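K.L.:
Residue numbers (the working numbering), protein chains in the order written: chain H, 15 to 290; chain B, 22 to 127.
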């Protein structure tokens, strides 16, 4: 039987990938970020999950507004790295886990989550900017990913409650898969930031700290909030932290936060947290 | 709360401009824009072309451009996100960086 061994919450800011690709590990402006991922990378290296189930958003890269899905699950064997304007990042293609992903698709639809399904599409930094901080890409990735793309760009967005329930349904799907597989959940996004409008550059560290507590101790309270609450507190783009609720919903009820790091250098608060 | 919510109305208004900006995810489009900007912008209205030519990030945003489509254009122009954010705020990059904790982290 497949198991959910734990979860990771992480920002997916593109500058994280830029700092990694430019080798800024020892640049004092970036070391607080890199150090913060070390316990997570160590945990993954020790636990060796077969699959990382990634809840993230596409940044109008692979999907465009002529057809922008609310929830889209990747069911392919392999995913290319998307070109976001500067060519592909120099990292290997991502391996999918088609068999488990197809099972999850069947289980979720039977559970009344009518997802959009995709294959043979490239994936953008929403997934691989945090991935390279935690998982070695050389000589190749140590395991597979299952991408779940969530609309946090074009309103109406799914409610926080819906995201939490989807996470719970993903847990049921994984646990009903007959093969022994270790799955780790990854919820990406945030924390507070706003990139647009008169409030561009907005951050709220107090709310970020509270969010990091609530996602651990009281996710129900976050699930009961509205998208407007998340936008007001964490900035318009900061509302994307609802994707952490998918991750959290898929964890064992007894899961606890084991590590967290918070760094707010520029426009987006960069956080990572580990739950087991 | 902010008035700038990228909703279905804004998305519909900005669709043509966003489709153009999204095109920069393709190498052929990047090369065409460099070689022959008018040909690359053939589907845009004169007003839209003008904003693009002037790299007027705020005008494009107000018109209906998605931040994430603008990002593609900014990357090929070598413009950073903090630079775009300062344009939306109506201030210089230098002034914006003074409000940040680690101005070098970009």
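A virtual CB, placed ideally from N, CA and C, is assigned to each residue, including glycine.
Nothing here was measured: the structure is a model prediction, and the numbers come from that model.
Whole-angstrom Cβ separation of residue 65 (chain H) and residue 158 (chain H), contact assumed at under 8 Å?
P.N.:
Walking along the first chain from the start, residue 65 (chain H) turns up at place 51. Walking along the first chain from the start, residue 158 (chain H) turns up at place 144. Right, their Cβ atoms sit about 5 Å apart.
K.L.:
Identify every run of the alpha helix (DSSP H) within the segment 231–273 of chain H, keeping only runs that are complete inside it and at least 4 residues long; order them along the chain.
P.N.:
Listed in chain order, they are 233–237, 241–248 and 256–263.
K.L.:
Give the residues of chain B in contact with residue 99 (chain H), contact being defined as C-beta atoms less than 7 Å apart.
P.N.:
Against the first chain, residue 99 (chain H) aligns to sequence position 85. Result: 45, 46, 93, 96 and 97.
K.L.:
Helix, strand or coil for residue 87 (chain B)? Go by DSSP, reduced to three states.
P.N.:
Numbered from its first residue, the second chain carries residue 87 (chain B) at position 66. Of the three classes helix, strand and coil, the one that applies to residue 87 (chain B) here is coil, per DSSP.
K.L.:
Using a Cβ-Cβ cut-off of 8 Å, state whether residue 221 (chain H) counts as contacting chain B.
P.N.:
Start at 1 with the first residue of the first chain, and residue 221 (chain H) comes out as number 207. Residue 221 (chain H) does not count as touching chain B.
K.L.:
Taking 8 Å as the threshold (beta carbon to beta carbon), is residue 257 (chain H) in contact with chain B?
P.N.:
Position 243 of the first chain holds residue 257 (chain H). Chain B, which has no Cβ nearer than 8 Å to the Cβ of residue 257 (chain H), makes this no.
K.L.:
Could you check which residue in H:43, H:257, H:239 and H:15 has the C-alpha nearest to that of residue 121 (chain B)?
P.N.:
Taking the second chain and counting its residues from 1, one reaches residue 121 (chain B) at position 100. Selected option, being the one with the closest Cα: H:43.
K.L.:
Measure the Cβ-Cβ separation of residue 70 (chain H) and residue 202 (chain H) and say whether it is below 8 Å.
P.N.:
Stepping through the first chain from its first residue, residue 70 (chain H) is reached at position 56. Stepping through the first chain from its first residue, residue 202 (chain H) is reached at position 188. Result yes, Cβ atoms of residue 70 (chain H) and residue 202 (chain H) sit closer than 8 Å.
K.L.:
Apart from the five residues on each side of it in sequence, which residues of its chain come closer than 6 Å, Cβ to Cβ, to residue 22 (chain B)?
P.N.:
Within the second chain, the letter at position 1 stands for residue 22 (chain B). Because the pLDDT at residue 22 (chain B) is just 49, under 50, the model does not fix this residue reliably, and the point stays unresolved.
K.L.:
Cβ atoms of residue 211 (chain H) and residue 89 (chain B): under 8 Å apart, would you say?
P.N.:
Position 68 of the second chain, counted from the start, is the residue given in the question as residue 89 (chain B). Position 197 of the first chain, counted from the start, is the residue given in the question as residue 211 (chain H). No. Outside cutoff.
K.L.:
Closer than 7 Å by C-beta to residue 102 (chain H): which residues in its own chain qualify, once you throw out the five before and the five after it? Chain order, please.
P.N.:
Here residue 102 (chain H) refers to the residue found at position 88 when the first chain is read from its first residue. Here the set comprises 95.
K.L.:
Provide the residue span of the beta strand (DSSP E) that contains residue 160 (chain H), from first to last.
P.N.:
Numbered from 1 along the first chain, position 146 holds the residue referred to as residue 160 (chain H). Start and end: 158–164.
K.L.:
Anyone know if the C-beta pair for residue 181 (chain H) and residue 132 (chain H) falls short of 8 Å?
P.N.:
Walking along the first chain from the start, residue 181 (chain H) turns up at place 167. Walking along the first chain from the start, residue 132 (chain H) turns up at place 118. Not a contact, by the Cβ cut-off of 8 Å.
K.L.:
Helix, strand or coil: which one does DSSP assign to residue 222 (chain H)?
P.N.:
Here residue 222 (chain H) corresponds to residue number 208 of the first chain, with the count starting at 1. In this structure, residue 222 (chain H) counts as helix in the three-state DSSP scheme.
K.L.:
Just checking my contact of residue 21 (chain H) with residue 199 (chain H) at CB under 8 Å: how many whole Å lie between their CB atoms?
P.N.:
Counted from its first residue, the first chain places residue 21 (chain H) at position 7. Counted from its first residue, the first chain places residue 199 (chain H) at position 185. Confirmed, Cβ separation roughly 4 Å.
K.L.:
Distance check for residue 197 (chain H) and residue 38 (chain H), CA to CA, integer angstroms please.
P.N.:
Along the first chain, one-based indexing puts residue 38 (chain H) at 24. Along the first chain, one-based indexing puts residue 197 (chain H) at 183. So the alpha carbons of these two residues sit roughly 30 Å apart.
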